[in-house]
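Trainee: In the numbering used here, the protein residues as written are 566 to 867. Even for Gly, the Cβ is constructed at its ideal location relative to N, Cα and C.
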Amino acid sequence: MSIYGYGERGEPAHSYPEQGSDSQNGDYAAVADKKPRQFHADIPQNSSQPIIIHHHYYHHNGDVHHHYHGNEQMPEFDMPVSDRCQKQMLQVELDVLSQNNHIAECNRRYFTLHHILALNLISSPGSGKTTLLMATLNRLRNKVACAAIEGDQQTSHDADRIRAVGIQAVQVNTGKGCYLDAEMVREATRQLKPAEHSLLFIENVGNLVCPASFDLGEQHKIVMLSVTEGEDKPLKYPMMFAEAELMIINKVDLLPYLNIELEACIQAARCINPDIDVIALSASTGEGIDQWLSWLETRLSA
Numbered sequence: 566m567s568i569y570g571y572g573e574r575g576e577p578a579h580s581y582p583e584q585g586s587d588s589q590n591g592d593y594a595a596v597a598d599k600k601p602r603q604f605h606a607d608i609p610q611n612s613s614q615p616i617i618i619h620h621h622y623y624h625h626n627g628d629v630h631h632h633y634h635g636n637e638q639m640p641e642f643d644m645p646v647s648d649r650c651q652k653q654m655l656q657v658e659l660d661v662l663s664q665n666n667h668i669a670e671c672n673r674r675y676f677t678l679h680h681i682l683a684l685n686l687i688s689s690p691g692s693g694k695t696t697l698l699m700a701t702l703n704r705l706r707n708k709v710a711c712a713a714i715e716g717d718q719q720t721s722h723d724a725d726r727i728r729a730v731g732i733q734a735v736q737v738n739t740g741k742g743c744y745l746d747a748e749m750v751r752e753a754t755r756q757l758k759p760a761e762h763s764l765l766f767i768e769n770v771g772n773l774v775c776p777a778s779f780d781l782g783e784q785h786k787i788v789m790l791s792v793t794e795g796e797d798k799p800l801k802y803p804m805m806f807a808e809a810e811l812m813i814i815n816k817v818d819l820l821p822y823l824n825i826e827l828e829a830c831i832q833a834a835r836c837i838n839p840d841i842d843v844i845a846l847s848a849s850t851g852e853g854i855d856q857w858l859s860w861l862e863t864r865l866s867a
């Protein structure tokens, strides 16, 4: 099934609740004034299978990579990239971000309308996001309805782990893409249909660079790092830490075996973002988990 947000004849497949609308059905829609960025999403009928996202273009080191298929002709250039081409590429980037932000606002209105607390969890690969989610869901699943969107380039391993604890999850595979965007979250939310007054975890692709630029419509952005990554991560990836409301430092049970100063890491983060909250914990041992759950409960009751 190919997802473009439009029906076969180009009409919107669903309709977003407009801002200020009293509509209670909360259906999603494609952006009516501009055709959304095209990608293919293979949505299986069995929710245990991942949503597969095949990008027609993606961003890396500031470039826009175009893919040519079938009998399409690769354009030929008889001169080096000019300033004009650079400006055109920049405009494409700006158009993509603008369109993403428009869809993100639609997502945010949907979440607000249905009282869904959506959290965007971002980290480097291997920092322990999924392990923390499993520990969190085991403690919350009998208190509040929960669901998860799992982002990875390949496999459905993370969604399988979340479903194993009895929580509804959708896997989004981004292929060559290194982040989730608002349209992917919209499609995954359509599949999940999270309950009203629920908690939605969005586990982004493991990456501290690209996800910082893409609003998904979440209420809160959370950045996570492990003590094994060193204390200077906030200084190396400042945009991510500037955008985040909370920094989680995971794997503190390993501190006795590492040469890292926890306070130096916290100071580095607050040098970038003086208002960032910090929670140090171990998703494996449970140390500090209560402080994390308290942070969640405060946002749920807000």
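Given a threshold of 16 other Cβ atoms within 10 Å of its Cβ, counted over all protein chains shown, does Pro759 qualify as buried or as exposed?
Mentor: With 16 or more Cβ atoms within 10 Å of its Cβ, Pro759 is classed as buried.
Trainee: Can you tell me whether Ser721 is helix, strand or coil according to DSSP?
Mentor: Correct three-state label for Ser721: coil.
Trainee: DSSP three-state call for Asp797: helix, strand or coil?
Mentor: Of the three classes helix, strand and coil, the one that applies to Asp797 here is coil, per DSSP.
Trainee: Could you check what DSSP says for Asn685 in three-state terms: helix, strand or coil?
Mentor: In this structure, Asn685 counts as strand in the three-state DSSP scheme.
Trainee: Quick check on the DSSP output: the alpha helix (DSSP H) that includes Asp855 runs from which residue to which?
Mentor: First-last of the alpha helix (DSSP H) with Asp855: Ile854 to Leu865.
Trainee: Give the DSSP-derived three-state secondary structure of Phe779 in the structure shown.
Mentor: Note: Phe779 maps to coil in three-state DSSP.
Trainee: Which residue spans inside the stretch 715-765 form an unbroken alpha helix (DSSP H) run of at least 4?
Mentor: Whole alpha helix (DSSP H) segments, 4+ residues: 722-729 and 747-757.
Trainee: Where do the N-terminal and C-terminal ends of the beta strand (DSSP E) with Ile813 fall, by residue?
Mentor: Its beta strand (DSSP E) spans residues Leu811 to Asn815.
Trainee: Let me check one thing: in DSSP terms, what residues is Glu768 bridge-paired to?
Mentor: Its beta-bridge partners are Leu686 and Glu715.
Trainee: So that I know if they touch, is there some Cβ in chain D lying closer than 7 Å to that of Pro799?
Mentor: Although the question refers to chain D, the structure presented lacks it and comprises just one protein chain.
Trainee: When the Cα atoms are used, what is the spatial distance from Lys816 to Ser689?
Mentor: Each residue's Cα considered, the two are about 14 Å apart.
Trainee: Can you give me the Cβ contacts of Glu783 inside the same chain, cut-off strictly under 7 Å, excluding the 5 residues immediately before and after it?
Mentor: Answer for Glu783: Ala683, Leu684, Asn685 and Ile767, listed in chain order.
Trainee: Of the residues Cys743, Lys741 and Arg751, which one's Cα is nearest the Cα of Val735?
Mentor: The shortest C-alpha separation from Val735 is found at Arg751.
Trainee: Alpha carbon to alpha carbon, how far is Glu852 from Lys694?
Mentor: Using only the alpha carbons, I get a separation of about 15 Å.
Trainee: Going by C-alpha distance, which of Asp717, Gly771, Tyr822 and Ile825 is nearest Met805?
Mentor: Among Asp717, Gly771, Tyr822 and Ile825, the Cα nearest to that of Met805 belongs to Gly771.
Trainee: Could you say which of Cys836, Ala834, Ala845 and Asp797 lies nearest to Leu819 if we only look at CA atoms?
Mentor: Out of Cys836, Ala834, Ala845 and Asp797, Ala845 has the C-alpha closest to the C-alpha of Leu819.
Trainee: Can we count Leu800 as close to the ligand PLP, meaning its CB is less than 6 Å from some heavy atom?
Mentor: No copy of the ligand PLP occurs in the structure displayed, which carries no ligand at all.
Trainee: For a quick check, are the C-beta atoms of Cys711 and Leu764 less than 7 Å apart?
Mentor: Against a cut-off of 7 Å, the Cβ pair of Leu764 and Cys711 comes out as a contact.
Trainee: To the nearest angstrom, how far is it from the Cα of Val629 to the Cα of Asp842?
Mentor: For Val629, the pLDDT reaches just 28, beneath the cut-off of 50, and the residue's location in the model is therefore unreliable, although a value from the coordinates is still provided. Between Val629 and Asp842, the C-alpha separation is close to 35 Å.
Trainee: Between the stretch 852-863 and the stretch 821-832, can you find at least three pairs of beta-carbon atoms closer than 8 Å?
Mentor: No, because fewer than three Cβ pairs between the stretch 821-832 and the stretch 852-863 fall closer than 8 Å, the two stretches do not touch.
Trainee: How would you label Gln719, buried or exposed, when you count the other beta carbons within 10 angstroms and need 16 or more for buried?
Mentor: Classification for Gln719: exposed.
Trainee: Quick one: what does DSSP say Val788 is sitting in, helix, strand or coil?
Mentor: Strand, per DSSP.
Trainee: Would you report the Cα separation of Ile608 and Asp717, rounded to the nearest angstrom?
Mentor: Residue placement at Ile608 cannot be trusted, given a pLDDT of 42 that sits under 50; the coordinates are not used to answer.
Trainee: Using DSSP with H/G/I as helix, E/B as strand and the rest coil, what is Ile668?
Mentor: The answer is helix: DSSP assigns Ile668 an H, G or I state.
Trainee: Under the assumption that Leu790 contacts Ser692 (Cβ atoms under 8 Å), give the Cβ distance between them as a whole number of angstroms.
Mentor: That pair is a contact at about 6 Å.
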